[in-house]
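A.B. asks: Residue numbers (this note's numbering): 6 to 66.
Okay, here's the structure, questions in a sec.
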C-alpha cells in the first residue's frame, strides 16, 4: 500500500510531513506506514489518507 501512497504523493509534489499535516496526524504515523509497522490501517486512517491526497478510497483496492 505504501507504494501507492508514495506514488500519489510524488505526483502531487507532497512529502511525508505535508501528508501528515493534511491528515491531522503526527509524522510518526506516516513513518509507521512506510516501514510496514501498520499492517492493516483502520478505515478511519485510510479515509484521512485518501482525503489528504485528494483521491478516492478505491485507489487503494
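Where a beta carbon is used, it is the ideal one built from N, C-alpha and C, also for glycine.
1. Our contact map puts residue 34 next to residue 25 with C-beta atoms below 8 Å; I'd like the distance itself, whole angstroms only.
2. Start and end of the alpha helix (DSSP H) containing residue 12?
3. Using beta-carbon positions only, say whether residue 55 and residue 47 come within less than 8 Å of one another.
4. Decide if residue 10 is buried, meaning its Cβ has at least 16 other Cβ atoms within 10 Å, or exposed.
5. Tell me the rounded alpha-carbon separation between residue 57 and residue 18.
C.D. replies: In this structure, then:
1. Going by Cβ atoms, the distance from residue 34 to residue 25 rounds to 7 Å, so yes, they are a contact pair.
2. Run containing residue 12: 7-17, per the alpha helix (DSSP H) assignment.
3. For residue 55 and residue 47, no; Cβs fall outside 8 Å.
4. Answer is buried; the Cβ neighbour count reaches 16.
5. Residue 57 and residue 18: Cα-Cα distance of roughly 13 Å.
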